[in-house]
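A short worksheet on the structure shown next.
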Amino acid sequence: MEKTSEILTALQVLKEVFGYQSFRPGQEEAVNAALQGQDSLVVMATGNGKSLCYQLPALCFPGLTLVISPLISLMKDQVDQLLANGIAADYLNSSQTFEQQQQVQNKAIAGQLKLLYLSPEKVMTNSFFSFISLCRVSFIAIDEAHCISQWGHDFRPEYTQLGGLKASFPDAPIMALTATADSTTRQDILQNLRLNRPHLYVGSFDRPNIRYTLVEKFKPMEQLCNFVAAQKGKSGIVYCNSRNKAEKVSDALKKRGISAAFYHAGMEVSERERVQRDFQRDNIQVVVATIAFGMGINKSNVRFVAHFDLSRSIEAYYQETGRAGRDDLPAEAVLFYEPADYGWLHKILMEEPESAQRDVKLHKLEAIGEFAESQTCRRLVLLNYFGENRQKPCGNCDICLDPPKKYDGLMDAQKILSAIYRTGQRFGVQYVIGVLRGMNNQKIREHRHDTLSVYGIGKDKSKEYWQSVIRQLIHLGFIRQVMNDVGVMLHLTESARAVLRGEIKLELATPRLSAIATVSSPQR
Ligand code: ADP
Ligand code: ZN
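Structure follows, in structure tokens:
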């Protein structure tokens, strides 16, 4: 009975305070979890409505809701929006004077605030505790929660201490929110925040209005300028891997008469703010930026995101391209690629001292390399990487629109899948290929895998050939890569069964061996 009344209330608040007719996917469940005192992790693609998940319960709770958020500029926007909706909210961060902070604290203590936004470094300090002990905290939301993961693409040391929140506020449910779907990061969030049997929501990561295209680099600067010129004044972002390059590309665009500016962490804060503001207001058409141009961007009509260089991870690429088409109208994500870019990033990474963290970075770099080298629908590569198991090509990427040559790949797939299965799903790509190709090495003999029926059945094809087929099967969601402390192991997914039984048709792309050969040699 109680549950019904809560749902009704939540729905009423949704309509009356926020002015929305219905919940979007995942919102209602997250709201209810909070209202029932349960911790939660909400993983939702940008623009799908994370804020509402904690703002709505905040209004239903008797006490104060703390919202931890890393970006001062976003904090102010959010608070302004809430105030405009008649909701008592304020924020505390280092941009304020002592007196201003004092005023906000007094309002919170007097019970005049429903939501209080805090930057992470404000929390868990002595002065914070002496202030907050005078308030009644009902609920805690942690936005951009992936910043707590050392392995994520946006680690912020101030987030680490948030792990103490649970113990300090044992009665307040915690809601962690992020748009980063990677499963390692997700595990990190749950563990580091010490969430207690959390409700987990992972939304779809598909952005159907974004068209993914890969352009092979020949004369990169010219190709990029041509591409941007063809956009005819539409708003866009070009990402580069260095400050120097960002400046050069911006200059080249300007020479072509395009309204462009660069943005990177080496610039004065005031200058960066000016560029961002001018972009926001459409006074600048294109921002050429390093990854420093990131989370704060809240512009709905970005029509294209071009990567002049390869991103360091597939998540970073997803986040960066995700800034296009927030208004749901068609948008372009174009990756200018040459295998040497991958080789360069790979080489830099290999120069770091060996560590578990380096291995994770390597795995993520390999994933973006596979995205670039993919012979199958690029959206499928992305979505399967994020654990959204899909098989149907999207029809809105370069591979779908201009497909590479296909062949009946069922037999090849069966050979690989049964080799993975027969070797116990405990080995990586190289080992499985070794068994398939009948390699005579000690490891294989030790495991007695030279006695298997699959041993040597793929002798007639090269290592690179099988590598390409395995990559395709990963992209298609038949094989899953599982990390453990020894390395990456190949596992079969549920959908592999139908392949092994020969129950489905399976088209694969004829491996383009020249491209693959260059990608695996970092020295190029
Ligand atoms: P995120 O934080 O996930 O990027 P936001 O919370 O900023 O997304 O929400 C994105 C947009 O969606 C906002 O303009 C918000 O007003 C709108 N929105 C959120 N929930 C709903 C809903 N249930 N119905 C309609 N619009 C919504
Ligand atoms: Zn596609």
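For the sequence shown, position 99 (counting from the first letter as 1) is numbered 99 according to the UniProt record's numbering, and the numbering increases by one without interruption. Note that beta-carbon positions come from the ideal geometry of N, C-alpha and C, so glycine has one too.
Exposure of residue 188, with buried meaning 16 or more beta-carbon neighbours within 10 Å: The residue you call residue 188 lines up with position 188 of the sequence shown. By the neighbour-count rule (16 or more Cβ atoms within 10 Å), residue 188 is buried.
Local conformation of residue 169 per DSSP, three classes: Residue mapping note: residue 169 aligns to position 169 of the sequence shown, counting from 1. Correct three-state label for residue 169: coil.
Same chain, Cβ closer than 8 Å to residue 201, neighbours up to 5 away in sequence not counted: Walking along the sequence shown from the start, residue 201 turns up at place 201. Answer for residue 201: 26, 29, 30, 40, 41, 42, 43 and 44, listed in chain order.
Validate contact between the region 205-217 and the region 330-339 using beta carbons, cut 8 Å, 3 pairs: yes
7 Å CB neighbourhood of residue 449 in its chain, flanking five on each side removed: In the sequence shown, counting from the first residue as 1, residue 449 sits at position 449. The answer, listed in chain order, is 423, 435 and 455.
Residues of its chain near residue 289, where Cβ-Cβ distance is below 8 Å and the 5 sequence neighbours each way are ignored: Translated into the one-based positions of the sequence shown, residue 289 becomes position 289. Same-chain partners within the cutoff: 237, 238, 239, 240, 246, 262, 263 and 264.
Whole-angstrom C-beta distance between residue 310 and residue 362, which should lie under 8 Å: Indexing the sequence shown from 1 puts residue 362 at position 362. Indexing the sequence shown from 1 puts residue 310 at position 310. Not a contact, Cβ separation roughly 14 Å.
The ligand ZN heavy atom lying under 7 Å from the CB of residue 379: Translated into the one-based positions of the sequence shown, residue 379 becomes position 379. Result yes, Cβ under 7 Å from the ligand ZN.
Every unbroken alpha helix (DSSP H) inside the region 203-232 [4 residues or more]: 220-230
Separation of residue 433 from residue 466, as counted between CA atoms: In the sequence shown, the residue the question calls residue 466 occupies position 466. In the sequence shown, the residue the question calls residue 433 occupies position 433. C-alpha separation (whole angstroms): 7 Å.
Whole runs of the beta strand (DSSP E) within the region 239-315, excluding any shorter than 3 residues: 260-263, 286-289 and 304-307
When 221, 110, 229 and 70 are compared against residue 157, the one with the closest alpha-carbon: Residue mapping note: residue 157 aligns to position 157 of the sequence shown, counting from 1. Checked all of 221, 110, 229 and 70; the closest Cα to residue 157 is 70.
Beta-ladder partner(s) of residue 91, from DSSP: The count along the sequence shown starts at 1 and reaches residue 91 at position 91. 117, per the DSSP bridge assignment.
Under 8 Å between C-beta atoms of residue 505 and residue 417: Here the question's residue 505 lines up with position 505 in the sequence shown. Here the question's residue 417 lines up with position 417 in the sequence shown. Not in contact: residue 505 and residue 417 (Cβ atoms no closer than 8 Å).
Inter-stretch contact at 8 Å, needing at least 3 Cβ pairs: the region 48-62 / the region 98-105: no
Whole-angstrom distance between residue 421 and residue 294, CA atom to CA atom: Locating residue 294 in the sequence shown gives position 294, where the first residue counts as 1. Locating residue 421 in the sequence shown gives position 421, where the first residue counts as 1. Approximately 42 Å, taken between the alpha carbons.
Contained alpha helix (DSSP H) runs [length at least 4] in the region 392-456, N- to C-terminal order: 398-401, 410-422, 429-436 and 442-446
Cβ distance (whole Å) where residue 328 is taken to contact residue 209 below 8 Å: By 1-based counting over the sequence shown, the position of residue 328 is 328. By 1-based counting over the sequence shown, the position of residue 209 is 209. At roughly 5 Å, the Cβ-Cβ gap stays under 8 Å, so residue 328 and residue 209 are in contact.
Given residue 267 as reference, the closest of 292, 251, 248 and 256 once Cα atoms are compared: Translated into positions along the sequence shown, residue 267 becomes position 267. Minimum Cα distance to residue 267 is reached at 292.
Boundaries of the alpha helix (DSSP H) in which residue 24 is found, first to last residue: Stepping through the sequence shown from its first residue, residue 24 is reached at position 24. Premise fails: residue 24 is in no alpha helix (DSSP H) and is neither H nor E.
Endpoints, alpha helix (DSSP H) assigned at residue 488: For the purposes of this step, residue 488 is taken as residue 488 along the sequence shown, with counting starting at 1. Unbroken run through residue 488 is the beta strand (DSSP E), 488-492; no alpha helix (DSSP H).
Nearest-angstrom Cα separation, counted from residue 461 out to residue 145: Translated into the one-based positions of the sequence shown, residue 145 becomes position 145. Translated into the one-based positions of the sequence shown, residue 461 becomes position 461. One C-alpha to the other measures close to 46 Å.
Pairwise C-alpha distance: residue 11 and residue 3: The residue labelled residue 3 in the question sits at position 3 within the sequence shown. The residue labelled residue 11 in the question sits at position 11 within the sequence shown. Caution is warranted here: a pLDDT of 47 is assigned to residue 3, below 50, making its placement in the model unreliable, and no coordinate value can be reported.
Residues bridged to residue 236 (per DSSP): As a first step, residue 236 is located in the sequence shown; it is residue number 236 there, counting from the start. According to DSSP, which records beta bridges pairwise, residue 236 is partnered with 286 and 304.
Paired residues, beta bridge with residue 508 - DSSP: In the sequence shown, counting from the first residue as 1, residue 508 sits at position 508. Answer is 407.
Inter-residue Cα distance where the pair is residue 318 and residue 382: Sequence index remark: in the sequence shown, residue 318 carries index 318 (1-based). Sequence index remark: in the sequence shown, residue 382 carries index 382 (1-based). Rounded to the nearest angstrom, the two C-alpha atoms are 8 Å apart.
CB-CB length for residue 287 against residue 279, believed under 8 Å: Your numbering for residue 287 matches position 287 in the sequence shown. Your numbering for residue 279 matches position 279 in the sequence shown. So it is a contact: roughly 5 Å between Cβ atoms.
Counterpart residues of residue 480 in DSSP-defined beta bridges: Translated into positions along the sequence shown, residue 480 becomes position 480. Its beta-bridge partners are 491.
C-beta contact flag for residue 477 and residue 390 at 8 Å: The residue given as residue 477 occupies position 477 in the sequence shown. The residue given as residue 390 occupies position 390 in the sequence shown. For residue 477 and residue 390, yes; Cβs fall inside 8 Å.
CB contact flag (residue 413, residue 473, <8 Å): Here residue 413 corresponds to residue number 413 of the sequence shown, with the count starting at 1. Here residue 473 corresponds to residue number 473 of the sequence shown, with the count starting at 1. Yes, they are a contact pair.
Outcome for residue 509 when other beta-carbon atoms lying within 10 angstroms are tallied against a minimum of 16: The residue labelled residue 509 in the question sits at position 509 within the sequence shown. With 16 or more other Cβ atoms within 10 Å, it is buried.
Neighbourhood of residue 13 by C-beta, 8 Å cutoff - its chain only, sequence neighbours within 5 removed: Reading the sequence shown from its first residue, position 13 is the one you call residue 13. Here the set comprises 56, 59 and 60.
For residue 40: DSSP bridge partner residues: Counting from 1 along the sequence shown, the entry for residue 40 is found at position 40. According to DSSP, which records beta bridges pairwise, residue 40 is partnered with 175 and 199.
Distance, residue 87 Cα to residue 17 Cα: Within the sequence shown, numbered from 1, the residue matching residue 17 stands at position 17. Within the sequence shown, numbered from 1, the residue matching residue 87 stands at position 87. Distance between the alpha carbons of residue 17 and residue 87: 8 Å.
Cα-Cα separation between residue 259 and residue 499, rounded to whole angstroms: Counting from 1 along the sequence shown, the entry for residue 259 is found at position 259. Counting from 1 along the sequence shown, the entry for residue 499 is found at position 499. Answer to the nearest angstrom: the Cα atoms are 52 Å apart.
Residues that DSSP places opposite residue 332 in a beta bridge: Numbered from 1 along the sequence shown, position 332 holds the residue referred to as residue 332. Its beta-bridge partners are 211 and 304.
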